Amino acid sequence: MAGAGMHPYHQQWVSPPPPPVVPPMPVETPTRASADEIRTVFITGLPPDVKERELHNLLRWLPGFEASQINFKAEQPMGFALFSTAQYAMAAKDALQDLVFDAESKSALHTEMAKKNLFVKRGVVSESSSLDQSKRLRTGGDYSHAGYAAPPFHPPPAPVWGTPGYIATHPPPPYDPYGGYPIPQVAMPTPAPIPAPNRYAPVQNTKDNPPCNTLFIGNLGENVNEEEVRSLFSVQPGFKQMKILRQERNTVCFIEFEDVNSATNVHQNLQGAVLTSSGRGGMRIQFSKNPFGRRKDNVNGAAAEPNGAPTYP
DNA sequence: AGCACA
Numbered sequence: 011m012a013g014a015g016m017h018p019y020h021q022q023w024v025s026p027p028p029p030p031v032v033p034p035m036p037v038e039t040p041t042r043a044s045a046d047e048i049r050t051v052f053i054t055g056l057p058p059d060v061k062e063r064e065l066h067n068l069l070r071w072l073p074g075f076e077a078s079q080i081n082f083k084a085e086q087p088m089g090f091a092l093f094s095t096a097q098y099a100m101a102a103k104d105a106l107q108d109l110v111f112d113a114e115s116k117s118a119l120h121t122e123m124a125k126k127n128l129f130v131k132r133g134v135v136s137e138s139s140s141l142d143q144s145k146r147l148r149t150g151g152d153y154s155h156a157g158y159a160a161p162p163f164h165p166p167p168a169p170v171w172g173t174p175g176y177i178a179t180h181p182p183p184p185y186d187p188y189g190g191y192p193i194p195q196v197a198m199p200t201p202a203p204i205p206a207p208n209r210y211a212p213v214q215n216t217k218d219n220p221p222c223n224t225l226f227i228g229n230l231g232e233n234v235n236e237e238e239v240r241s242l243f244s245v246q247p248g249f250k251q252m253k254i255l256r257q258e259r260n261t262v263c264f265i266e267f268e269d270v271n272s273a274t275n276v277h278q279n280l281q282g283a284v285l286t287s288s289g290r291g292g293m294r295i296q297f298s299k300n301p302f303g304r305r306k307d308n309v310n311g312a313a314a315e316p317n318g319a320p321t322y323p
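Numbering-wise (our numbering), the first sequence opens with residue 11 and increments by one.
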């Protein structure tokens, strides 16, 4: 017989308030937020030369994002990202997990919930008068997610692969940085579907030239349709101009891009692409011996210099 | 394998 007394259940049980959706009035929320719930994500795997701005610009698109900070004191930068609720933080943690932050340095993020919440001061950002840049906190600022602009991710312009057959590839999955992360559907201008040929054929590309901003297209049939060539290349990112050159038995083509990078992408992505009007196999794409608009080097002059000293006209 | 333009 337990003399426990009365059941302590009273109507005092206030149903827990729903997550803060839209407070009726802009109440100054005291920084000591909902007590102990952790709504901060701890981020490692950032490249050593990461800038706070870079992390901030990545995070600012995530729902509920409030502020971020990087601690550079440790050997490796440690990032902290504060969200308005624990759910948002956990969703963001999952969304960022293993995200390739920097393809160049191959750095992928590792995220976990932080041990402590990121402490947000009140006026922040602009006030820290240049004393210690590393302590400056980046807050969510004014860009709420209401106006959601296009996210800063520019999916790599991977053309929808045809079936290169010789490399049994699957079409790369559409790049989704949020990976199943529930974000409001926003009508985004479909990132220019880059037409790709529907067929690729193997191509032996022996002896190429050093990368440059101009591509040499070989193995085009003699009566390939220039417009078909143009419509394929002119939509590739970085395309500047092309020149088709009809020779006796075959046709070649030069394509200038804005930079070596865009040329290199096309060099890879469209290698072996089959044009219907070509009547050959796949096209062979090489880097041009001379970039567009540059005169061929004086072959029997400068190039023969034994010490390699270039001679200028 | 074929590399122009200025």
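The beta-carbon is built from N, C-alpha and C at its ideal position, and this holds for glycine as well. Since we're looking at a predicted model, the values are computed, not measured.
What distance in whole Å lies between the Cβ atoms of Phe75 and Ala91, which are believed to be in contact at a cut-off of 8 angstroms? 7 angstroms
Check Gln214 in the structure and name its three-state DSSP category. coil
Pairwise C-alpha distance: Ile80 and Lys253: 49 angstroms
Anticipated Cβ contact below 8 angstroms, Gly55 with Phe129, distance rounded: Contact doesn't hold; Cβ gap of about 23 angstroms is too wide.
Segments of 3+ residues assigned as beta strand (DSSP E) that fall wholly inside the region 48-98: 50-54, 75-81 and 88-93
Using a 10 Å radius around the Cβ and a threshold of 16 neighbouring Cβ atoms, would you call Leu255 buried or exposed? exposed
Hey, is the region 62-71 in contact with the region 120-128, meaning 3+ C-beta pairs nearer than 8 angstroms? no
Please report the straight-line C-alpha distance between Asp104 and Glu258, rounded to a whole angstrom. 59 angstroms
Who pairs with Ser117 in a beta bridge, going by DSSP? Asp112
How big is the Cα-Cα spacing for Gly303 and Asn208? 32 angstroms
With DSSP collapsed to three states, give me the class of Met100. helix
Can you say whether Thr286 is buried or exposed, counting buried as having 16 or more other CB atoms within 10 angstroms of its CB? exposed
Find the nearest neighbour of Asn229 within the set Met293, Gln214 and Pro247, judged by alpha-carbon distance. Met293
Considering just the uninterrupted stretch of the beta strand (DSSP E) at Thr274, what are its terminal residues? It is not in any beta strand (DSSP E) - Thr274 instead sits in the alpha helix (DSSP H) that spans Val270 to Asn279.
Could you check if Pro220 is buried or exposed, using at least 16 other CB atoms within 10 Å of its CB as the buried criterion? exposed
Inspect the beta-carbon positions of Thr224 and Asn127 and report whether they are closer than 7 angstroms. no
Chain-order list of residues whose beta-carbon lies under 6 angstroms from that of Ser94 (same chain, five-residue window excluded): Gly74 and Glu76
What span of residues does the beta strand (DSSP E) with Val324 cover, start to end? In the structure as shown, the chain begins at 11 and stops at 323. Residue 324 is therefore absent and cannot be evaluated.
Let me confirm a value: Ser241 is counted as buried when at least 16 other C-beta atoms fall within 10 Å, else exposed. Which label applies? The residue is exposed, with fewer than 16 neighbouring Cβ atoms inside 10 Å.
Rounded to the nearest angstrom, what separates Arg132 and Ile295 at their Cα positions? 57 angstroms
Thinking just about the alpha-carbon of each residue, which of Phe264, Pro57 and Ser288 is nearest to the one in Tyr210? Checked all of Phe264, Pro57 and Ser288; the closest Cα to Tyr210 is Ser288.
Going by C-alpha to C-alpha distance, which of Asn215, Trp71 and Gly89 sits closest to Pro58? Gly89
Among Val60, Leu72 and Ala283, nearest to Lys83 - alpha-carbon criterion: Val60
Provide the residue span of the alpha helix (DSSP H) that contains Arg240, from first to last. Per DSSP, Arg240 belongs to the alpha helix (DSSP H) from Glu236 to Phe243.
So, with DSSP's three-state summary, where would you put Leu106? helix
Could you check if Thr261 is buried or exposed, using at least 16 other CB atoms within 10 Å of its CB as the buried criterion? buried
Classify Thr4: buried if its beta carbon has 16 or more other beta carbons within 10 angstroms, exposed otherwise. Nothing about residue 4 can be reported from this structure: the residues present for the chain run from 11 to 323 only.
Per the DSSP calculation, Thr149 is bridged to which residue(s)? Ala77
Sheet register partners of Ala283 (DSSP bridge): Partner(s): Tyr210.
Short of 6 angstroms in beta carbon distance, which residues of its chain neighbour Gln21, apart from the five on each side in sequence? Order them along the chain. Note that Gln21 has pLDDT 43, beneath the 50 cutoff, so the model's placement of it is unreliable and no number is given.
Assuming contact is defined by CB atoms lying nearer than 7 angstroms, are Glu268 and Gly248 in contact in what I supplied? yes
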